[in-house]
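If you want my numbering, it's the position in the sequence shown, counting the first as 1, plus 162.
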Amino acid sequence: MAVAEMGAMVPVAVRFGMPGVGSLASSLDLRSLAPSVSPVFPGCRVLQPAKPRLSSLIRGRLSAIVMTATLPKETELQRNLPIPQRGHEQSYHSRHPEKVELFKSLEGWAENSVLQFLKPVEKCWQPQQFLPDPSSEGFLDQIRELRERAAGIPDDYLIVLVGDMITEEALPTYQTMLNTLDGTRDETGASLTSWARWTRAWTAEENRHGDLLNKYLYLTGRVDMAQVEKTIQYLIRSGMEPQTENNPYLGFIYTSFQERATFISHGNTARQAKEHGDLVLAKICGIIAADERRHENAYTKIVEKLFEIDPNGAMLAFEDMMRKKIAMPAHLMYDGEDQHLFEHFSLVAQRLGVYTAKDYADIVEHLVKRWNVEKLEGLSSWAQKAQEYVCGLALRFRNIEERIQTKIKRGPTTGKFSWIFNREVALL
163 MAVAEMGAMV PVAVRFGMPG VGSLASSLDL RSLAPSVSPV FPGCRVLQPA
213 KPRLSSLIRG RLSAIVMTAT LPKETELQRN LPIPQRGHEQ SYHSRHPEKV
263 ELFKSLEGWA ENSVLQFLKP VEKCWQPQQF LPDPSSEGFL DQIRELRERA
313 AGIPDDYLIV LVGDMITEEA LPTYQTMLNT LDGTRDETGA SLTSWARWTR
363 AWTAEENRHG DLLNKYLYLT GRVDMAQVEK TIQYLIRSGM EPQTENNPYL
413 GFIYTSFQER ATFISHGNTA RQAKEHGDLV LAKICGIIAA DERRHENAYT
463 KIVEKLFEID PNGAMLAFED MMRKKIAMPA HLMYDGEDQH LFEHFSLVAQ
513 RLGVYTAKDY ADIVEHLVKR WNVEKLEGLS SWAQKAQEYV CGLALRFRNI
563 EERIQTKIKR GPTTGKFSWI FNREVALL
């Protein structure tokens, strides 16, 4: 959330989030930056923006829905081959070697306690179970029935569903992210360690989500698939910046949060699909939400183990990710036209109640309780300060939600989305 280097000023959203939804403004004081020497792993320096490069706007308390960041000036290369705009300095390998050995020592534990959250392929649902059967004589009739159901879905709901699908389709980026984590990465591409097997099997299960939503949206005829496909390609090409620094502590806290958020988002799209009369779509979103909940349980189990064997390190890592704020995997979303696509999509999700600042606060509160953070004792002085900070976050984020709701009540502003042939929908 620090500013970049130079160029024209453009609005960008402060990032909260999850796959597919939720970029909301923070009114927190951004002056409280983490120390340059990592308290999580002594001896490892964490790169931070120099104070002179911080915008005076960002140093204040922000109350608007969006903040302003300085982005590099557009070049001819960027016009033809857009380059993701970075909002902060990148840090790498902020872990002590002993932490890598810790994860290697947990191989047996992960085999029994993490892999249990996976399902055998033969017991998993597959996308074709929820789509018209192309081998059936009634295939065209089934498509007509699907289109009749989809005809009653509002454009703003479609925007959120498309954004969710695009985020799910960027799965190659997320597997790459997991394989940046020291001590748990898949070193060969077919490693037999429990960590590597988890990553590959998790990816395989997640792969069905984008496949199913993509095919469903294609068949509705309501979406400009060429623009959607272009957005997917741009997003995978741009990657993501979770700020996990190759650090498995940070990485698994990030995934714990994201999977919880995705469960909430898909659950809300399931509920709203039912309200709009598409019971098949409601079932689709519901089964995806169930997968996300199961995956959340696995990642939170890993972090729970870290709090058990290294409470100081886990506590400081939790604080680190919360100070950075959880960036949506799709925060570099772009369709070739709208430089603020992620921001606009996120505002629609907020207005519809698919993923909101309240949800962000609820997830923070949930994880604090799940990991028993408030009751941790015997922590170092650093970790005690981290504990106090994290335990007070939920209330601060709830105050943000109240301010956002006030803005929504002032009346809507609209925006066009190429995903739905440039039709306008209300943003706020």
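Ideal Cβ positions, reconstructed from N, Cα and C, are used throughout, including at glycine.
Beta bridge counterpart(s) of residue i as assigned by DSSP
i	result
A588	T576
Buried or exposed (CB count within 10 angstroms, at least 16 for buried), residue i
i	result
D295	exposed
I582	buried
R215	The predicted model places R215 with a pLDDT of 39, which falls under 50 and marks its position as unreliable; any figure quoted below should be read in that light. By the neighbour-count rule (16 or more Cβ atoms within 10 Å), R215 is not buried but exposed.
N430	buried
P404	buried
V587	buried
K285	exposed
P473	buried
T462	buried
L397	buried
F301	exposed
I471	exposed
Q278	exposed
Q549	buried
Y356	According to the sequence shown, residue 356 is Ser rather than Tyr. Buried.
E437	exposed
L441	exposed
Q420	buried
I487	Position check: residue 487 holds Lys in this sequence, whereas Ile was assumed. K487 comes out buried.
V283	exposed
L557	exposed
P201	In this prediction, P201 scores a pLDDT of 47, lower than 50, which makes its location untrustworthy; the coordinate-derived value is nonetheless stated afterwards. Under this definition P201 is a buried residue.
E236	Low confidence applies here, because E236 scores a pLDDT of 46, under 50, leaving its location unreliable; read the following figure in that light. Per the 10 Å Cβ criterion, exposed.
Among the options, nearest to residue i - alpha-carbon criterion
i	options	result
C553	R585, R532 and N409	R532
H457	Q549, T361 and K377	T361
L308	G383, K266, L538 and V516	G383
V262	R513, G345, Q549 and D453	G345
E450	S267, G270 and F292	Rather than Glu, the amino acid found at residue 450 in this sequence is Ile. Ranking S267, G270 and F292 by Cα distance to I450 puts F292 first.
T406	I394, D482, P316 and A519	D482
C104	H371, P404 and I398	Limits of the chain in this structure are 163 at one end and 590 at the other, which puts residue 104 out of reach.
Y496	L589, R399, E299 and F419	R399
A150	A523, V535 and G540	Lying before the first or after the last residue shown, residue 150 is absent from the chain, which here runs from 163 to 590.
N584	Y551, L320, Y517 and A366	L320
L529	F480, P491, N341 and A358	F480
E367	K281, L302 and V442	K281
S418	A460, E391, A432 and K377	A460
G325	W357, T342 and L503	L503
R565	W287, L590 and S275	L590
N409	L264, R433 and T365	L264
N274	G475, R433, G439 and R359	R359
Q395	G498, T365, L374 and F425	G498
Q434	K392, F507 and P316	P316
L555	M387, E527, D440 and T393	E527
H428	N561, T518 and N534	T518
K578	K547, D521 and H506	H506
E331	W364, N369, T355 and M339	N369
P491	L323, Q304, M339 and Q288	M339
I562	N341, K520, P259 and L379	K520
A432	G515, V283 and N534	G515
T576	D386, D373 and D318	D318
V276	M387, V283 and W364	W364
R306	I525, Y378 and S543	Y378
L333	D373, S297 and V322	D373
V322	E536, V385 and A452	V385
H493	K537, A452, T393 and E536	T393
K445	A489, E539, Q288 and E260	Q288
E536	Y551, W544, I525 and S543	Y551
S543	S297, G475, D303 and A452	G475
Rounded distance between the beta-carbons of residue j and residue i, thought under 8 Å
i	j	result
K477	L541	According to the sequence shown, residue 477 is Met rather than Lys. Sure, about 6 Å apart at Cβ, within 8 Å.
G401	T335	5 Å
L375	M327	4 Å
F425	E454	4 Å
Q290	S580	That pair is no contact at about 29 Å.
For this session: Report yes or no: do three or more beta-carbon pairs, one from the region 305-318 and one from the region 348-368, lie closer than 8 Å?
Result: Touching, no.
For this session: Assess, as a yes-or-no matter, whether the region 504-512 is touched by the region 407-418 under the definition of 3 or more beta carbon pairs within less than 8 Å.
Result: The region 407-418, when compared against the region 504-512, does not touch it at the 8 Å Cβ threshold.
Exercise. Should the region 263-279 be regarded as contacting the region 466-481, the criterion being three or more beta carbon pairs within less than 8 Å?
Worked result: Three or more beta-carbon pairs drawn from the region 263-279 and the region 466-481 are found closer than 8 Å, and the two stretches are therefore classed as touching.
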